[in-house]
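In the working numbering, the protein residues as written are 495 to 544.
A quick write-up on the structure given underneath.
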Amino acid sequence: MPTIQQLIRNPREKQVVRKKNRALKQNPQVRGVCTRVYTTTPKKPNSALR
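The structure is reproduced here in structure tokens:
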């Protein structure tokens, strides 16, 4: 824990809050939008829609 004198000489740096939506504006393919919704059936011994 720094002393008060050390904090006066060299103050603490404020944390930078980065927004997540800025990176998505230039990259629409990163957004993760579902283009197709479908069901699949498993291979032979099992039979159910997944």
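For every residue, glycine included, the Cβ atom is placed at its ideal position computed from N, Cα and C.
Predicted, not measured: the structure shown is a model, and the values here were computed from it.
Problem - Alpha-carbon to alpha-carbon, Met495 and Asn504 - result: By one-based count along the sequence shown, residue 504 stands at place 10. By one-based count along the sequence shown, residue 495 stands at place 1. When the Cα atoms are used, Asn504 and Met495 turn out to be separated by approximately 13 Å.
Problem - Close Cβ partners of Thr534 (< 8 Å) along its chain, the five nearest in sequence each way excluded - result: As a working note, residue 534 is residue 40 in the sequence shown. Apart from the 5 residues on each side of it in sequence, Thr534 sits with its Cβ closer than 8 Å to the Cβ of Leu543 and Arg544 in its chain, given in chain order.
Exercise for the section: May I have the straight-line CA-CA distance separating Thr497 from Val511, to the nearest angstrom? Expected result: Locating residue 497 in the sequence shown gives position 3, where the first residue counts as 1. Locating residue 511 in the sequence shown gives position 17, where the first residue counts as 1. So the alpha carbons of these two residues sit roughly 27 Å apart.
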